[in-house]
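Protein chains in written order, with UniProt numbering: chain G, 1 to 466; chain V, 1 to 466. Worksheet for the structure shown next.
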């Protein structure tokens with residue numbers, strides 16, 4: 001009641017501003033209970049365990065990906081979601097069959113590497129030319145690497161918020177095209193990762209239009225060290241043999257489960273993760289955890305005494321890894337319903353403790369945003385207005401006007417495992433995962449219970465790139 | 001001078017005891033200088049870097065093993081050792097060609113494993129029967145595992161002194177024979193290791209006489225976790241395909257370098273490590289470090305102002321991994337020279353800081369042993385008389401009467417990497433390695449400078465097993 005009066009007073013002092021959004025006190029109280037029951041629950045971990053154990057690795061478009069879709073549909077039903085459905089997502093299919101590399105000559109020895117997603121197959125032998133970073137390779141004159149293998153030996157930096165992945169990821173996405181421009185016949189990089197284990201990091205790469213793709217792969221950190229030491233001793237020839245490549249189209253699905261809202265069921269708060277994973281690990285931190293924790297949050301909201309006004313829509317997105325296909329498909333399909341989407345948040349940064357909350361809330365929703373932050377504070381979460389951006393699969397819809405929230409996970413060790421064989425369930429701390437479930441449940445519950453919106457408004461945009 | 005008088009007095013009070021061994025004060029002073037110069041030197045690290053980089057993995061009997069022998073011979077010469085020679089060592093040759101495994105059926109997914117050394121090749125498909133430990137498998141009735149695959153899911157414990165490797169290693173050495181007795185068609189085990197990375201631990205296994213060997217392999221810890229979770233859900237069929245096996249005989253070499261003693265050059269203090277490694281990593285902690293740090297210790301002693309009385313013999317032993325072949329060959333060849341061997345110590349437990357010193361010194365050498373311990377104390381090394389035993393390649397000769405010393409390395413993380421692809425140079429802390437060099441140099445220098453012996457005395461023994 002106080003909240004409503006305060007809102008009226010506030011709106012009264014602004015000119016032509018939308019009505020201020022506030023969250024009813026009863027919802028705040030219910031969210032507190034939800035938070036405590038989520039912290040005491042292992043449901044998020046059990047769902048993540050189920051996906052990573054029963055399905056295992058699930059490369060987009062693979063047979064295992066199809067099993068993952070069936071798993072997600074069945075799991076939503078088992079958890080008692082009110083509505084469960086699939087939305088098809090079609091994309092080019094890439095396959096990894098085998099990969100091998102070795103140093104030739106007097107220091108001959110194997111190298112541990114993995115093909116980058118999107119790499120063509122090929123057997124290449126050539127002298128290594130080492131570059132300290134992407135800029136150095138981009139500065140190599142055209143044709144200067146003819147018959148040679150480019151190697152970028154850039155070390156990605158560790159950061160709680162994953163800031164090192166910007167420059168690290170660019171070495172993966174842009175390095176191959178730079179290598180081709182310089183005339184190289186293959187491309188190697190030190191993995192975009194922060195560990196020193198013998199597990200290379202894969203990930204999608206792209207080739208600029210008009211270039212003929214070359215075999216492109218990432219070395220495990222100790223193998224990059226080794227190659228750096230060998231090249232410091234003199235010329236080094238390496239043989240790389242990748243068997244992988246694009247093979248037609250595949251259709252997978254965004255799998256969606258909904259907890260029906262009490263009074264405005266046609267309006268939704270979206271939370272989710274992505275269902276596909278790279279093939280090397282079992283996709284526990286990327287992104288079994290995101291799927292598991294948001295499914296659990298939805299389920300816990302569904303069984304709370306006081307249902308929120310709006311529906312909670314949990315989405316297990318298809319094929320995030322190779323180009324946000326699931327997120328783009330969702331944005332296209334629901335283009336006319338931006339306003340019915342109250343707000344969205346995707347978890348796709350592991351299962352470390354959430355330490356910060358922010359959102360795109362405009363002025364008229366900032367009081368409600370603060371209410372959410374206050375309800376999250378007991379979980380050790382700081383309010384950091386204005387920081388960050390939407391999760392990857394949310395971003396195409398956010399570009400069309402969806403309001404978004406960010407629940408920032410501590411990713412200090414995320415890039416030790418990301419896209420490697422080592423992305424397995426043992427890397428998840430069940431207590432940290434429960435804290436994530438609690439945070440997502442509180443956020444989604446309160447956003448769905450608010451009187452007023454968070455600023456979702458259709459924008460005119462060019463369609464997202466394919 | 002004081003030392004000599006004290007020795008005479010002490011001997012005078014004992015009945016029929018050997019003359020007490022003491023170390024001259026001048027040698028103690030020189031050892032102090034040696035310790036400080038070793039701590040300031042990166043020579044041990046540079047030698048280890050050279051071996052692991054230039055040769056890389058060096059499975060006993062392989063082409064790389066032969067390169068390692070050439071490397072060691074050349075390195076001894078480059079370091080200025082007074083005498084360098086090879087002693088041949090012949091053994092059966094085992095090869096790894098490929099290895100694969102996968103869960104079949106509704107949860108189909110690959111498993112990451114590695115063949116145990118000595119395993120035969122074979123393609124086997126069968127239902128997994130999980131056992132908590134070796135005793136449980138040994139209790140399985142004969143024939144009860146017919147057509148099935150035995151899986152021991154024992155977790156080795158972490159310990160500074162590696163105590164967990166006793167029970168962990170037995171799962172590897174005895175598990176396959178127990179599986180065969182119960183009728184199994186293949187044997188899987190959780191790796192004998194303390195990490196949770198996707199890097200399985202290999203290591204030699206044996207099959208008891210009269211049993212027909214079966215394919216035997218170790219799963220990486222996350223894969224063992226996965227298999228345990230899957231078997232908890234119901235019957236699990238797995239396909240294992242190993243291509244590996246014994247292939248005739250090979251001859252490698254113990255490579256020996258000697259720093260000539262000043263007054264008793266025919267008497268020697270032996271230090272060393274083993275030159276071979278498993279094939280998965282580059283053998284940095286097992287045992288490039290042992291070779292590197294003892295070569296460096298020898299070199300530093302060789303360039304000290306005051307040469308010790310006795311010679312320092314540094315041995316890079318052949319084929320430790322598959323049955324102490326180098327150590328046994330050395331013991332056989334030098335059988336008549338036990339007494340000329342003052343004492344021996346092998347480093348084969350990584351490159352963690354040395355925290356304890358002990359030896360087999362009998363009563364008449366305990367004062368000298370204490371002098372060595374006092375000279376080691378500034379390195380943070382405790383004197384622990386009576387603890388431990390000789391290093392692996394020293395042990396066959398110790399069984400024939402060689403006095404031995406133990407410089408105990410902190411092995412808390414040794415079994416995170418031991419026998420895995422992850423045994424690479426980056427796992428070595430250069431400062432810890434320098435402390436190891438200092439400790440070995442001080443120990444060897446003082447033992448070689450002593451007035452009197454450490455108790456080496458030929459014993460009648462049955463020849464070491466082949």
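Just so you know, even glycine gets a beta-carbon here, dropped at the ideal spot from N, CA and C.
Annotation for residue 333 of chain V: the continuous alpha helix (DSSP H) segment containing it runs 325–333. By the rule that beta-carbons nearer than 9 Å mark a contact, residue 340 of chain V does not touch chain G.
For the pair residue 205 of chain G and residue 39 of chain V, the Cα-to-Cα distance works out to about 46 Å. In this structure, residue 275 of chain G sits away from residue 153 of chain G, with a CB-CB distance that is not shorter than 9 Å. With the criterion set as a beta carbon lying under 8 Å from some beta carbon of chain V, the members of the region 404–432 of chain G are 420, 421, 422, 424, 425, 426 and 427, in sequence order.
If you ignore the 5 residues before and after residue 88 of chain V, its C-beta comes within less than 7 Å of the C-beta of 251 and 253, all in its own chain and listed in chain order. Ranking G:450, G:439, G:452 and G:454 by CA distance to the CA of residue 32 of chain G puts G:439 first. Where residue 111 of chain V is concerned, the enclosing beta strand (DSSP E) starts and stops at 109–111. In the three-state reduction of the DSSP assignment, residue 125 of chain V falls in the strand class, which pools E and B.
What residue 109 of chain V touches in chain G, judged by beta-carbon distance under 8 Å, is 55, 56, 57, 64 and 282, going in chain order.
The beta carbon of residue 201 of chain V sits no closer than 9 Å to any beta carbon of chain G.
In this structure, residue 345 of chain V lies near residue 390 of chain V, with their beta-carbon atoms less than 9 Å apart. Taking a beta-carbon distance threshold of 9 Å, residue 303 of chain V does not count as an interface residue toward chain G. When DSSP assignments are scanned along the region 349–397 of chain V, the uninterrupted stretches of beta strand (DSSP E) that are 3 or more residues long and fall wholly within it turn out to be 354–359.
According to the DSSP secondary-structure assignment, residue 254 of chain G is paired through a beta bridge with G:87. In the assembly as shown, residue 429 of chain V is an exposed residue. Its beta-carbon has fewer than 16 other beta-carbons within 10 Å. Contact with chain V is absent for residue 235 of chain G, since none of that chain's Cβ atoms lies less than 9 Å from the residue's Cβ.
Exclusion of the five residues before and after residue 447 of chain V leaves 269, 342 and 343 as the residues of its chain whose Cβ lies within less than 6 Å of its Cβ. Contact with chain G is absent for residue 291 of chain V, since none of that chain's Cβ atoms lies less than 9 Å from the residue's Cβ. The contact set of residue 158 of chain V on chain G, defined by CB atoms closer than 8 Å, is empty, because the minimum CB distance reaches about 15 Å. The three-state secondary structure of residue 205 of chain G, taken from DSSP, is coil.
The beta carbon of residue 230 of chain G falls within 9 Å of a beta carbon belonging to chain V, placing the residue at that interface.
Under the three-state reduction of DSSP, residue 407 of chain G is assigned to strand.
Within 8 Å of the CB of residue 112 of chain G, the CB atoms of chain V belong to 421, in sequence order along the chain. Boundaries of the beta strand (DSSP E) harbouring residue 310 of chain G: 310–317, taken from the DSSP string. For residue 449 of chain V, no beta strand (DSSP E) segment is defined; the enclosing uninterrupted segment is the alpha helix (DSSP H) at 430–449. Nearest neighbour of residue 426 of chain V by Cα position, chosen from V:23, V:52, V:36 and V:22, turns out to be V:52. Taken in chain order, the members of the region 173–201 of chain V whose beta-carbon sits within less than 7 Å of a beta-carbon on chain G are 196, 197, 198 and 199. In the structure shown, residue 154 of chain G adopts coil according to DSSP, grouped into three states. Burial state of residue 212 of chain V is exposed, judged by a 10 Å Cβ sphere holding fewer than 16 other Cβ atoms. Within chain G, 424, 425 and 426 have C-beta atoms less than 8 Å from the C-beta of residue 225 of chain V, given in sequence order.
When DSSP assignments are scanned along the region 19–93 of chain G, the uninterrupted stretches of alpha helix (DSSP H) that are 4 or more residues long and fall wholly within it turn out to be 25–39, 43–54 and 63–78. Collapsing the DSSP output to three states places residue 138 of chain G in a helix. In this structure, DSSP gives residue 289 of chain V a helical state, which the three-state scheme calls helix.
For residue 190 of chain V, no alpha helix (DSSP H) segment is defined; the enclosing uninterrupted segment is the beta strand (DSSP E) at 186–190. Using a C-beta cut-off of 8 Å, the region 396–405 of chain V makes contact with the region 322–341 of chain V, since at least three inter-stretch Cβ pairs fall below that distance.
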